Amino acid sequence: MLSRSILFMLIFDILVFSISSNFWYNFFNLPQNLFFFALALIVITGFVVLFLKDNYKIREFNISSKNYYLLFEGVIFAHIPLAIFLLLFNHNLQILEFIALNILTIYLSLAIYRNLFHLYLFNFKKNKNVLIMGTNQEAKLIADEIINKKALKMSVVGFVDDKEEENLIKDSQTKIFNQEELKDVIKKYNVNILIVAIKRRMEENLLTNMVDNIPNYVKVYRMPEFYEMVTGKYYVSKMSINWLYYDFMNKRSLVYDFCKRAFDIIAALIILTVTSPILVYIGIRVKKTDGGPAIYTQNRVGKGGKIFKAYKLRTMYLNDYVPKSGEFEHAVNGQDNDTRVIPFCKFVRKARFDEIPQMINILRGEMSIVGPRTEWEDLVNIYSKEIPYYKCRQWSKTGWTGWAQINQGHCVLNDDIAEKLQYDLYYLKHKNVLWEIGILIKAVFLALGGRHG
1096 MLSRSILFML IFDILVFSIS SNFWYNFFNL PQNLFFFALA LIVITGFVVL
1146 FLKDNYKIRE FNISSKNYYL LFEGVIFAHI PLAIFLLLFN HNLQILEFIA
1196 LNILTIYLSL AIYRNLFHLY LFNFKKNKNV LIMGTNQEAK LIADEIINKK
1246 ALKMSVVGFV DDKEEENLIK DSQTKIFNQE ELKDVIKKYN VNILIVAIKR
1296 RMEENLLTNM VDNIPNYVKV YRMPEFYEMV TGKYYVSKMS INWLYYDFMN
1346 KRSLVYDFCK RAFDIIAALI ILTVTSPILV YIGIRVKKTD GGPAIYTQNR
1396 VGKGGKIFKA YKLRTMYLND YVPKSGEFEH AVNGQDNDTR VIPFCKFVRK
1446 ARFDEIPQMI NILRGEMSIV GPRTEWEDLV NIYSKEIPYY KCRQWSKTGW
1496 TGWAQINQGH CVLNDDIAEK LQYDLYYLKH KNVLWEIGIL IKAVFLALGG
1546 RHG
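Taken in order, the sequence shown gives residues 1096 to 1548; the numbers are from our numbering.
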């Protein structure tokens, strides 16, 4: 967490959920024997839902109608478990009044706080000054990320020349300092953060100079580490892929594998059970449209490059389309405005109901609920040739949803696929079952809202 302001927002949200729920619960004289469980339920679900909806993510906190709507949607979702719980044990209609007023109170309080937070963030909060060690591509990239993410409230005061041949900092207004000036620069510009963006191994003299002249209050980050914190993506380079290999191999665990498999089976069975009536209805309508099969299979690439048959609901008219190199616009199963899409299936695709039959692949162990997106064999052959380190995503089972999908959706351009790889590699480095449960829950929210890619 790079900003304590986000921690204050989280604490405020928990207090609002607690105080409002306590007030209205007692105002309507609802059953006291259910009070503590009801209060705990709304606070926990409220925090979880807002967290999954990126309320505590380092980003621009724009005041827009879309963000107001998403906040309102989150508050409503948070009350659904509470409403079900209370109505199961008590059929008092005042419960509905309690839920309605609680939603209104909490939403207005959170919206007002976010307006004040936005005002404070962009008008009163003091900037943190950042000094970057290096003048190469990595230094330029992280500087651009800091400049573009204004909500970070960070300013790049300059760069320290690392004496490498590569120098991409050519702006005459940009300050470039010598290594010998490090101590004075930190003091003069009140530097709070130093980011080391040097590709080569640093020499003994430079390391000693940094140890001697960087005060304790200055936080020091490696560029790839800081890039991950700011973007949620993995910085891809020849050196970072080697680091990723060791991180991935050292985190292997039989306990994780067991929990992951149990999670896959339980989640797949629940999703299939809940959605089976909808799938049957869609399948019948697709069958009646052109007489073709409702479900089809497609060669997909899984862990270790193994090919398997993935099941999908057909949402397009029968065709024999095969992608070619460079045809990314149509390669990822077409777009929603593609004439090949059966008209009533547009929402089916937005909500990702067409991919629910892949639960069969998950139960068979060919896929996982969460992981790098399982891709078409023909596309993988193209991407592997054109995007460096693309095959690294095959270290793990491919997934029905994943970190890339909830952040980026289903992309269609070559540059987007390269960025999606960064999300996939970030997942490989940090994967754990609790996080994956959160990814699944968020994917379900996005799908129900038609926003999952």
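Ideal Cβ placement from N, Cα and C applies to all residues, glycine included. These numbers come from a predicted model, not from an experiment.
Inset, instruction - Within its chain, find whatever has a CB closer than 8 Å to the CB of Ile1464; leave out the 5 residues flanking it on each side and keep chain order. - result: On the sequence shown, residue 1464 is found 369 positions in, with the first residue counted as 1. Once the five neighbours on either side are set aside, the close Cβ partners of Ile1464 are Phe1358, Asp1359, Ala1362, Ala1363, Ile1457, Gly1494, Trp1495, Thr1496, Glu1531, Leu1535.
Legend entry - Tyr1163 to Leu1289 span [Cα, whole Å]: Residue mapping note: residue 1163 aligns to position 68 of the sequence shown, counting from 1. Residue mapping note: residue 1289 aligns to position 194 of the sequence shown, counting from 1. So the two alpha carbons sit approximately 36 Å from each other.
Inset, instruction - Say yes only if the C-beta of Tyr1164 is nearer than 7 Å to one or more non-hydrogen atoms of the ligand PLP, and no if none qualify. - result: Among the components of this structure there are no ligands whatsoever, and the ligand PLP is therefore not found.
Legend entry - Spatial distance of Val1252 from Tyr1518 (CA atoms): Walking along the sequence shown from the start, residue 1252 turns up at place 157. Walking along the sequence shown from the start, residue 1518 turns up at place 423. Straight-line Cα distance between these residues: approximately 29 Å.
Legend entry - Paired residues, beta bridge with Thr1392 - DSSP: Position 297 of the sequence shown, counting from 1, holds the residue named residue 1392. Paired residues: Tyr1406.
Inset, instruction - Indicate the three-state DSSP secondary structure (helix, strand or coil) for Ser1113 in the structure shown. - result: Reading the sequence shown from its first residue, position 18 is the one you call residue 1113. Here Ser1113 sits in helix by DSSP.
Legend entry - Contact check, Ala1446 vs Ile1501, beta carbons under 8 Å: Here residue 1446 is taken as the residue at index 351 of the sequence shown, counted from 1. Here residue 1501 is taken as the residue at index 406 of the sequence shown, counted from 1. Contact flag unset, no.
Inset, instruction - Could you tell me whether the segment 1235-1250 touches the segment 1271-1280, where touching means 3 or more Cβ pairs closer than 8 Å? - result: no
Inset, instruction - Would you kindly report the start and end of the unbroken alpha helix (DSSP H) that includes Phe1254? - result: For the purposes of this step, residue 1254 is taken as residue 159 along the sequence shown, with counting starting at 1. Here Phe1254 belongs to no alpha helix (DSSP H); instead the beta strand (DSSP E) covers 1249-1255.
Legend entry - Assumed close pair Leu1339, Lys1524 - CB separation to whole angstroms, cut-off 8 Å: Counted from its first residue, the sequence shown places residue 1339 at position 244. Counted from its first residue, the sequence shown places residue 1524 at position 429. With 8 Å as the limit, Leu1339 and Lys1524 qualify as a contact, their Cβ atoms being about 6 Å apart.
Legend entry - Three-pair Cβ contact test at 8 Å for the segment 1469-1489 versus the segment 1293-1308: no
Inset, instruction - State buried or exposed for Ala1135, treating a residue as buried only when at least 16 other CB atoms are found within 10 Å of its CB. - result: Counted from its first residue, the sequence shown places residue 1135 at position 40. Exposed is the call here.
Inset, instruction - Quick one: give me the first and last residue of the beta strand (DSSP E) that Gly1494 is part of. - result: Indexing the sequence shown from 1 puts residue 1494 at position 399. Segment 1494-1496, the beta strand (DSSP E) holding Gly1494.
Inset, instruction - Use the C-beta contact count for Asp1385: other C-beta atoms within 10 angstroms, 16 or more gives buried, fewer gives exposed. - result: Looking up residue 1385 in the sequence shown gives position 290. Classification of Asp1385: exposed, given that the 10 Å Cβ count is below 16.
Inset, instruction - Identify, in the order they occur along the chain, each residue of the same chain with its Cβ nearer than 6 Å to the Cβ of Ile1194, setting aside the five sequence neighbours on each side. - result: Locating residue 1194 in the sequence shown gives position 99, where the first residue counts as 1. Here the set comprises His1174, Ala1178.
Inset, instruction - For the segment 1466-1477 and the segment 1434-1442, state whether three or more C-beta atom pairs, one from each stretch, are separated by less than 8 Å. - result: no
Legend entry - CB-CB length for Val1055 against Phe1112, believed under 8 Å: Beyond the ends of the chain as shown, which are 1096 and 1548, falls residue 1055; an answer cannot be given.
Inset, instruction - Starting from the Cα of Tyr1151, find the closest Cα among Asn1187, Phe1107, Ser1115 and give me that residue. - result: Position 56 of the sequence shown, counted from the start, is the residue given in the question as residue 1151. That would be Phe1107, whose Cα lies nearest to the Cα of Tyr1151.
Legend entry - Straight-line Cα distance separating Ile1227 from Val1286: Counting from 1 along the sequence shown, the entry for residue 1286 is found at position 191. Counting from 1 along the sequence shown, the entry for residue 1227 is found at position 132. Roughly 10 Å separates the two Cα atoms.
Legend entry - Host beta strand (DSSP E) of Tyr1316 (start-end): By one-based count along the sequence shown, residue 1316 stands at place 221. Looking at the DSSP string, the run of the beta strand (DSSP E) that includes Tyr1316 is 1314-1317.
Legend entry - Buried/exposed call for Pro1452, threshold 16 Cβ in 10 Å: Start at 1 with the first residue of the sequence shown, and residue 1452 comes out as number 357. Under this definition Pro1452 is a buried residue.
Inset, instruction - Using three-state DSSP, classify Glu1470 as helix, strand or coil. - result: Sequence index remark: in the sequence shown, residue 1470 carries index 375 (1-based). The answer is strand: DSSP assigns Glu1470 an E or B state.
Inset, instruction - Whole angstroms is fine: what's the gap from Tyr1412's alpha carbon to Asp1449's? - result: In the sequence shown, the residue the question calls residue 1412 occupies position 317. In the sequence shown, the residue the question calls residue 1449 occupies position 354. Those two C-alpha atoms are separated by around 14 Å.
Inset, instruction - Output the boundary residues of the beta strand (DSSP E) element that contains Lys1223. - result: Taking the sequence shown and counting its residues from 1, one reaches residue 1223 at position 128. Run containing Lys1223: 1223-1228, per the beta strand (DSSP E) assignment.
Legend entry - Closest residue to Lys1515 among Lys1148, Leu1125, Tyr1478 (Cα-Cα distance): Translated into the one-based positions of the sequence shown, residue 1515 becomes position 420. Comparing Cα positions, the closest option is Tyr1478.
Legend entry - DSSP three-state assignment for Val1280, whether helix, strand or coil: In the sequence shown, counting from the first residue as 1, residue 1280 sits at position 185. Val1280 falls in the helix class under three-state DSSP.
Legend entry - C-alpha distance - Met1065 paired with Ala1238, whole-angstrom precision: The question about residue 1065 has no answer here: the residues shown for the chain are numbered 1096 through 1548.
Legend entry - Whether Glu1233 touches Met1318 by CB criterion (8 Å): The count along the sequence shown starts at 1 and reaches residue 1233 at position 138. The count along the sequence shown starts at 1 and reaches residue 1318 at position 223. In this structure, Met1318 lies closer than 8 Å to Glu1233 by Cβ.
Legend entry - Beta-carbon contacts of Ala1542 that lie in its chain and below 7 Å, excluding the five residues immediately before and after: Sequence index remark: in the sequence shown, residue 1542 carries index 447 (1-based). Same-chain partners within the cutoff: Ala1446, Arg1447.
Inset, instruction - State the start and end residues of the unbroken beta strand (DSSP E) segment that holds Ser1160. - result: Within the sequence shown, the letter at position 65 stands for residue 1160. Looking at the DSSP string, Ser1160 is not in any beta strand (DSSP E); the run it does join, the alpha helix (DSSP H), is 1160-1184.
Inset, instruction - Between the Cα of Val1396 and those of Lys1404, Phe1122, Arg1435, spot the shortest distance and give me the residue it belongs to. - result: Position 301 of the sequence shown, counted from the start, is the residue given in the question as residue 1396. Nearest option by C-alpha distance: Lys1404.
Inset, instruction - Could you check what DSSP says for Val1572 in three-state terms: helix, strand or coil? - result: No information on residue 1572 is available, as it lies outside the stretch 1096 to 1548 that the chain covers here.
Legend entry - Endpoints, beta strand (DSSP E) assigned at Ile1464: Residue mapping note: residue 1464 aligns to position 369 of the sequence shown, counting from 1. The continuous beta strand (DSSP E) containing Ile1464 extends over residues 1463-1465.
Inset, instruction - Under 8 Å by Cβ, that's how I've got Leu1520 and Tyr1329 pegged, so tell me the actual separation to the nearest angstrom. - result: Position 425 of the sequence shown holds residue 1520. Position 234 of the sequence shown holds residue 1329. Right, their Cβ atoms sit about 4 Å apart.
Inset, instruction - May I ask you to report which of helix, strand or coil DSSP gives Met1334? - result: Locating residue 1334 in the sequence shown gives position 239, counting from the first residue. DSSP places Met1334 in helix when its eight states are reduced to three.
Inset, instruction - Alpha carbon to alpha carbon, how far is Leu1214 from Arg1049? Give it in angstroms, no decimals. - result: Residue 1049 lies beyond the range of the chain shown here (1096 to 1548); nothing can be said about it.
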